[in-house]
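Everything in the sequence shown is counted per UniProt numbering, starting at 1 for the first residue and increasing by one. Even glycine gets a Cβ: it sits at the ideal position worked out from N, Cα and C. Owing to the predicted nature of the structure, the values given are computational and were not obtained by experimental measurement.
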Amino acid sequence: MSRTVPPLNPLHVFDAVARLGSLTKASAELCVTHSAVSRQLTTLEQYLGVTLFEREPRGVRLTKAGATYHKAVGPAFAAIAAATESIVGSAEGEALRLNVYTTFAAKWLMHRLQRFEQRYPNIPVEISTTVAPMNFNEVEADAAIQFGDGNWPGIRSEPLFNDVIEPVCSPALLRNGPPLKTISDLAKHRLLQSRYRRQDWFDWLRAVGRSDLEGLVKQQRGGFQNSLLAYQAAIEGLGVVVGQTRLLANDIASGALVCPFKRPVKRELGYYLLIAEGRRPSRKIAAFRSWLMDEISTMPEIEDMAE
1 MSRTVPPLNP LHVFDAVARL GSLTKASAEL CVTHSAVSRQ LTTLEQYLGV
51 TLFEREPRGV RLTKAGATYH KAVGPAFAAI AAATESIVGS AEGEALRLNV
101 YTTFAAKWLM HRLQRFEQRY PNIPVEISTT VAPMNFNEVE ADAAIQFGDG
151 NWPGIRSEPL FNDVIEPVCS PALLRNGPPL KTISDLAKHR LLQSRYRRQD
201 WFDWLRAVGR SDLEGLVKQQ RGGFQNSLLA YQAAIEGLGV VVGQTRLLAN
251 DIASGALVCP FKRPVKRELG YYLLIAEGRR PSRKIAAFRS WLMDEISTMP
301 EIEDMAE
């Protein structure tokens with residue numbers, strides 16, 4: 001007796017949308033268009049003769065039939081993914097070449113990278129750093145992670161997480177330095193900044209309604225080539241810096257840095273995964289993306305960071 005099995009492509013799309021709760025996120029994961037995802041879902045619903053999703057303004061929601069169906073087929077795709085992850089990369093034998101910012105690598109990526117290696121032992125990673133806008137014609141990289149608004153010519157970008165900023169300093173500075181109980185107390189401290197993020201202080205002050213203090217920032221002398229040095233200077237007690245708190249989560253959790261005002265500000269800019277337009281994603285890129293999204297899903301929300 002033959003088995004009744006629906007077409008696998010629509011089934012694969014169904015699993016992705018059910019897991020992610022969004023056609024847009026599913027299209028990004030599967031590297032297909034939003035309309036293609038919608039068509040595949042329609043094909044599956046017509047095949048089964050039931051409605052699998054309720055379309056809502058902010059995404060989709062599984063119907064009772066859809067939830068029951070995914071409970072049965074979802075583990076099968078998870079098992080396939082796990083089996084694939086155990087061998088992916090072995091056939092290619094080449095490293096994943098990743099280009100990132102120095103600060104992002106040091107503060108976010110490095111302490112997570114061991115988990116990627118454990119999950120994909122056959123995919124070695126080569127990391128290079130730059131601060132210049134990404135150009136895949138000039139930089140030998142399979143993928144990159146950069147900061148911006150999502151628009152890079154000739155590059156396909158996928159958002160990872162927004163930038164969240166607020167002043168941070170060492171606990172020793174709070175104990176031994178001038179008072180830092182109110183935002184006005186910043187006038188008594190050195191305001192640290194890096195060459196590539198000079199706008200951070202201005203953006204934060206305006207967001208919290210204290211643009212009257214912008215003159216303090218303009219009066220500062222000296223600085224640092226990159227944010228990594230500015231953050232280390234803050235850890236050493238040299239002053240106060242507007243930090244990217246999602247990159248500094250470990251330093252804040254360990255007590256190396258504290259947020260004296262607990263006033264995080266979310267910016268429209270953020271970090272993006274970049275792949276050259278027209279370049280078909282390889283298995284190693286797909287594996288890295290899958291791992292990356294899993295890591296990001298465990299990051300605290302802004303409200304949690306504000307305590």
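- DSSP, reduced to helix, strand and coil, places Pro75 within a helical segment of the structure shown.
- Closest by C-alpha distance to Phe161, out of Ser170, Asp149, Val168, Pro171, is Asp149.
- By DSSP's assignment, Glu56 forms a beta bridge with Gly59.
- With the rule of 3 Cβ pairs closer than 8 Å, the segment 230 to 237 does not count as touching the segment 209 to 222.
- Nearest Cα to Tyr120 within the set Leu292, Ala287, Glu301, Gly223: Ala287.
- If you check the CB distance, Val100 and Ile80 do not come in under 8 Å.
- For the pair Asn137 and His189, the Cα-to-Cα distance works out to about 44 Å.
- Counting other Cβ atoms within 10 Å of its Cβ, Met134 reaches 16 or more and is therefore classed as buried.
- With contacts defined as CB atoms closer than 8 Å, Glu277 and Arg156 qualify as a contacting pair.
- Linking Asp185 to Gln225 through their CA atoms gives a straight-line distance of about 26 Å.
- Non-local beta-carbon contacts of Tyr69 in its own chain, meaning distances under 7 Å to residues more than five positions away in sequence, involve Leu52 in chain order.
- Within the same chain, no residue comes within 6 Å of Thr182 by CB-CB distance, once the 5 residues on both sides are set aside.
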